[in-house]
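Residues in the sequence shown are numbered consecutively from 1, following UniProt numbering.
Idealized CB from N, CA, C, for every residue including glycine.
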Amino acid sequence: MIDYLSKYVELKPLNSTTAQSVITVMKSIYATHGIPEDLVSDGGPPFNSNLMTNFFREWGIKHHVTPPHFPRANGQIERAVQPVKNSLTKTAEEG
Numbered sequence: 001m002i003d004y005l006s007k008y009v010e011l012k013p014l015n016s017t018t019a020q021s022v023i024t025v026m027k028s029i030y031a032t033h034g035i036p037e038d039l040v041s042d043g044g045p046p047f048n049s050n051l052m053t054n055f056f057r058e059w060g061i062k063h064h065v066t067p068p069h070f071p072r073a074n075g076q077i078e079r080a081v082q083p084v085k086n087s088l089t090k091t092a093e094e095g
């Protein structure tokens with residue numbers, strides 16, 4: 001997750017990519033940093049679920065979905081996560 005204004009990034013591991021798992025991590029981040037007014041995400045399955053839609057509504061979060069097949073629309077987070085992905089890949093390859 002990234003704050004678009006401050007560029008602050010917070011990464012948390014997920015046990016799975018279900019809506020419930022993502023919501024649990026989001027609640028953890030919000031407990032520390034507060035609840036955002038807006039959230040931008042890709043159109044991945046966890047973000048398209050009824051559970052997530054209800055979560056956004058109940059917590060007063062406006063959800064905005066980036067266009068499919070257009071990663072530049074979510075470029076800040078893509079750039080922030082890339083070094084972590086590269087590091088994890090290198091670690092896995094080295095065994």
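Give me the Cα-Cα distance between Thr89 and Phe55, rounded to the nearest whole angstrom. 33 Å
Answer with buried or exposed for Val84, where buried requires no fewer than 16 other C-beta atoms within 10 angstroms of its C-beta. exposed
Put Ile2 into one of helix, strand or coil per three-state DSSP. strand
How big is the Cα-Cα spacing for His63 and Arg57? 9 Å
In the UniProt domain "Integrase catalytic" (1 to 95), which residue ranges form an unbroken beta strand (DSSP E) of at least 3 residues, counting only runs that do not cross its ends? 38 to 41, 62 to 65
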